[in-house]
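Undergrad:
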Amino acid sequence: MTQLLLSKYNFNRREFYIDLFSQWGFFKKGIVASDIHPDDLTMAWTAFVSTYMRSSEAWFGAFVVARAKFIENRMNGAMMDLHQASVEDGRRCAVPAECDCPFCYKGVPSISTKKADQDDGPSTALFNATTRLSHRIQRRHQRGSSSEDAQTIYELRQKNEDQQALLARIQQASKRQRSESRTTSSAWICILCSKVPDSFRNKKV
Numbered sequence: 257m258t259q260l261l262l263s264k265y266n267f268n269r270r271e272f273y274i275d276l277f278s279q280w281g282f283f284k285k286g287i288v289a290s291d292i293h294p295d296d297l298t299m300a301w302t303a304f305v306s307t308y309m310r311s312s313e314a315w316f317g318a319f320v321v322a323r324a325k326f327i328e329n330r331m332n333g334a335m336m337d338l339h340q341a342s343v344e345d346g347r348r349c350a351v352p353a354e355c356d357c358p359f360c361y362k363g364v365p366s367i368s369t370k371k372a373d374q375d376d377g378p379s380t381a382l383f384n385a386t387t388r389l390s391h392r393i394q395r396r397h398q399r400g401s402s403s404e405d406a407q408t409i410y411e412l413r414q415k416n417e418d419q420q421a422l423l424a425r426i427q428q429a430s431k432r433q434r435s436e437s438r439t440t441s442s443a444w445i446c447i448l449c450s451k452v453p454d455s456f457r458n459k460k461v
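Following my numbering, the numbering of the sequence shown begins with 257 at its first residue and continues without gaps.
1. If residue 351 and residue 335 are in contact, beta carbons under 8 Å, what's the gap, nearest whole angstrom?
2. Using 10 angstroms around the beta-carbon of residue 346, count the other beta-carbons present and answer buried if the total reaches 16, otherwise exposed.
3. Going by DSSP in three states, residue 306 sits in which element: helix, strand or coil?
4. Indicate the three-state DSSP secondary structure (helix, strand or coil) for residue 333 in the structure shown.
5. In the DSSP assignment, find the alpha helix (DSSP H) that holds residue 278 and state where it starts and stops.
6. Measure the CB-CB distance between residue 307 and residue 315 and report whether it falls below 7 Å.
7. With distances taken from CA atoms, which of 338, 279, 313 and 342 is nearest residue 322?
8. Apart from the five residues on each side of it in sequence, which residues of its chain come closer than 6 Å, Cβ to Cβ, to residue 270?
9. Within 10 angstroms of the Cβ of residue 398, are there 16 or more other Cβ atoms? Answer buried if so, exposed if not.
10. Just the Cα atoms here: how many angstroms apart are residue 382 and residue 389?
11. What residues in its chain sit with their C-beta under 7 Å from that of residue 357, if we drop five residues either side in the sequence?
12. For residue 316, which three-state DSSP category applies?
13. Between residue 283 and the rest of its own chain, which residues show a CB-CB distance below 7 Å, the 5 nearest in sequence each way excluded?
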């Protein structure tokens, strides 16, 4: 990888390294811990500086890999790639308005991906970025449909289980009612028999 002699260029090196650190955190961002400590940012910056000073070439290699994975596997990565490709191609952001590109200013309209594809002479990078984002949106919709189907199946199963439980309770109540009815009938028979006159009870038919 080509090494830049930063001392030859007149720019703010402090902001340059802060930008690298911020992008690295953006590309490598994982699950945010629930117990965030105020010193976590300082520790991350210290680790970044020590790793970069140890081997800037190795760090940039890992940076390129992390950026490529971010673009390929994340929705925000695909939008970032298309946004940058649009700017580099001299066009307005081609991210669909419904995606709400996080790299655009609020309220600035975006051209549609179809218009970008059919325009005269789009760059290869712009075309590839548009295709990548379209596939990412399609996969997201498919996962959404699968989740909705799974939720529907779960609700139907839950409803069926509730109905079976209700039926079981009704059957138990019915059995208990029949048992109580038989007990009550036997009791009434005993009461009635006790009131039959002895002369009639001993009478032979």
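We put the beta carbon where it would ideally sit given N, CA and C, even for glycine.
Since the structure is predicted, the reported quantities are computational estimates derived from the model, not experimental observations.
TA: Concretely, from the data shown:
1. 5 Å
2. exposed
3. helix
4. helix
5. 269-283
6. yes
7. 279
8. none
9. exposed
10. 11 Å
11. 335, 339, 349, 351 and 366
12. helix
13. 322, 323 and 326
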